[in-house]
């Protein structure tokens, strides 16, 4: 079964997406959707990384809630920084954050978190994966930011994936 249908949930999502985008439910669209839903995971199988191991689901739930809260807080902070830029310009800066993540899934999750949270941009990862360089929209205290970033994201991802 796994040989011909390696990702049944992905295939189902592709089929539903195809039918929604087609905006008609006909035999031809159903067959085309099935073809796409079955062929895409088979063709993409060599591109998929090895499956990651998720542990400590309560930590994952807390991380998701924390990221959602930080998205809201950062959105307001960036908006405030833009509106009041004349009276108090934002202090944009680069922050080097020592990280100890080695798992590629944890690093990918960290990259997604940094991308989602407004005001931060992933700039560079050291070749040995020991230091992450971020650009921060408004950085008051680099040491406090680094400590908070590590405690909020890096430590949680390390606990979940490693």
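In our numbering, the protein residues as written are 572 to 733. Don't be surprised by glycine CBs; every beta carbon is placed ideally from N, CA and C. None of the values given here were measured: they were computed from a predicted structure.
Assignment of residue 669 by DSSP, reduced to helix, strand and coil, places it in the strand class.
Here the C-alpha atom of residue 672 lies approximately 11 Å from the C-alpha atom of residue 724. The beta carbons of residue 652 and residue 709 sit closer together than 8 Å. Going by beta carbons, residue 731 and residue 631 fall inside the 8 Å limit. The beta-carbon separation of residue 581 and residue 612, rounded to 5 Å, stays under the 8 Å limit for a contact. Its Cα nearest to that of residue 714, the residue 665 stands out among 698, 665, 692 and 682. In chain order, 730 and 731 place their CB closer than 6 Å to the CB of residue 627, counting only its own chain and leaving out the 5 sequence neighbours on each side. Residue state for residue 710 is assigned as coil, using DSSP reduced to three classes. The bridge partners DSSP lists for residue 664 are 707. If you draw a straight line from the Cα of residue 655 to the Cα of residue 647, it comes to about 12 Å.
Taking the Cα of residue 623 as reference, the smallest distance to any Cα among 644, 677 and 684 is reached at 677. In the DSSP assignment, residue 696 falls outside any alpha helix (DSSP H) and within the unbroken beta strand (DSSP E) covering 691 to 696. Straight through space, the alpha carbons of residue 600 and residue 614 are spaced by roughly 21 Å. The Cβ atoms of residue 674 and residue 704 lie no closer than 8 Å to each other. Exposure of residue 596 is indicated by the presence of fewer than 16 other C-beta atoms within 10 angstroms of its C-beta.
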